[in-house]
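Visitor:
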Amino acid sequence: MRILVISDIHANYDALEAVLKDAGEVDETWCLGDIVGYGPDPNVCVETLRELPNLTCLMGNHDAAVTGNMLWDSFNGEARRSLDWQQRVLMARNMEFLRSLPNTLQVRKRVSLVHGSPRDPVWEYILNTLTARLNFEAFETDWCFVGHSHIQCFFHLNETKNRVSLNIPHPGERITLEPRMILNPGSVGQPRDRDPRAAYAIYDDEACTWEPRRVEYDWKPVQQRIREAGLPEKHAARLAEGW
Ligand code: ZN
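Residue numbers are given in my numbering: position 20 of the sequence shown equals residue 1, and the series is strictly consecutive.
1) Could you check if Ser81 is buried or exposed, using at least 16 other CB atoms within 10 Å of its CB as the buried criterion?
2) Counting only the same chain and skipping the five closest in sequence on each side, list residues whose C-beta sits under 7 Å from that of Val0.
3) Could you tell me which residues DSSP pairs with His43 in its beta bridges?
4) Short of 7 Å in beta carbon distance, which residues of its chain neighbour Ser63, apart from the five on each side in sequence? Order them along the chain.
5) Sorted by chain position, which residues of the same chain lie with C-beta nearer than 7 Å to Met76's C-beta, five sequence neighbours on each side aside?
6) Less than 6 Å between C-beta atoms, sequence neighbours within five positions excluded: which residues of the same chain meet that for Tyr284?
7) Secondary structure at Asn75, three-state DSSP: helix, strand or coil?
8) Between the stretch 50 to 70 and the stretch 87 to 95, can you find at least three pairs of beta-carbon atoms closer than 8 Å?
9) What does a CB cutoff of less than 6 Å around Pro23 pick up in its chain, not counting 5 residues either side in sequence?
10) Is the Cβ-Cβ distance between His96 and Gly41 less than 8 Å?
11) Taking the alpha carbon of Gly167 as the point to measure from, which residue in Arg74, His151, Glu159, Asp186 has its own alpha carbon closest?
12) Can you give me the Cβ contacts of Phe135 inside the same chain, cut-off strictly under 6 Å, excluding the 5 residues immediately before and after it?
13) So, helix, strand or coil for Phe117, using DSSP?
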């Protein structure tokens, strides 16, 4: 089966649309959370996802915050401004969808899925090999797919050498999965690895491959809608450079 793996859409519809088109036909879609927050299009992003066949979707920290499942203290002022706006514009049925999402580690076939990290599913960022090492102890499958950091990368635990490595793959490079790995498809709507193209991955559960991909989209209309909505300028500016 060909599975589309996406994360951190952050209410950026143009990026989501480009990813769905570029991915082509898939058997399932796995979304690792943060559908809303930052961007100008929370409703249309939730609606587009809900209509996808065979969707598995997790709750991210922004989804939890906007639905009132989490205190806002841990978000910075600009992120809060955006959450406050999204809370006002989100339609009831879309809010209900976000509220229904699981916020714990989920297992699908041979893979664990989580927004942040296996030991702290909504909040922890896996950004370095030390954090990755601690998290390899917190799930049992060979692979775990994570989002949250907005960085397209993967960690590999070599059990013979007892070493964890951090790898930044080239988009389009097909990686043969081996035990054990933590893989991040990157962010659809707000990449932070200095590549402004929308990020995602294709997982093939028969060939056991992972293909990180990037697709260009025009972010200028998204920036314009962010400005029109009176959302923080920073959230518009960063889209052009991927930070
Ligand atoms: Zn995020």
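Here a beta-carbon is modelled for each residue, glycine too, at the ideal position from N, C-alpha and C.
Guide: From the atom records:
1) With fewer than 16 other Cβ atoms within 10 Å, it is exposed.
2) Ile(-13), Val169, Ala179, Tyr181, Val196, listed in sequence order.
3) As DSSP reads the structure, His43 sits in no beta bridge.
4) Within the same chain, Gly18, Tyr19, Leu212, Pro213, His216 come within 7 Å of Ser63 by CB-CB distance, once the 5 residues on both sides are set aside.
5) Taking Met76 as the centre and dropping the five residues before and after it, the same chain places the C-beta of Thr48 closer than 7 Å to its C-beta, in chain order.
6) It is not possible to answer for residue 284, since the shown part of the chain is limited to -18 through 224.
7) If DSSP states are grouped into helix, strand and coil, Asn75 belongs with the helices.
8) With the cut-off at 8 Å, the stretch 87 to 95 and the stretch 50 to 70 do not touch.
9) Residues of the same chain with a CB within less than 6 Å of the CB of Pro23, apart from the 5 flanking positions on each side, are Ala(-8), Val17, Gln67, Leu71 in chain order.
10) For His96 and Gly41, yes; Cβs fall inside 8 Å.
11) A check of alpha carbon separations from Gly167 across Arg74, His151, Glu159, Asp186 identifies His151 as the nearest.
12) Short of 6 Å from the beta carbon of Phe135, and not among the five residues preceding or following it, lie these beta carbons of its own chain, in chain order: Asn148, Met162, Leu164.
13) Here Phe117 sits in helix by DSSP.
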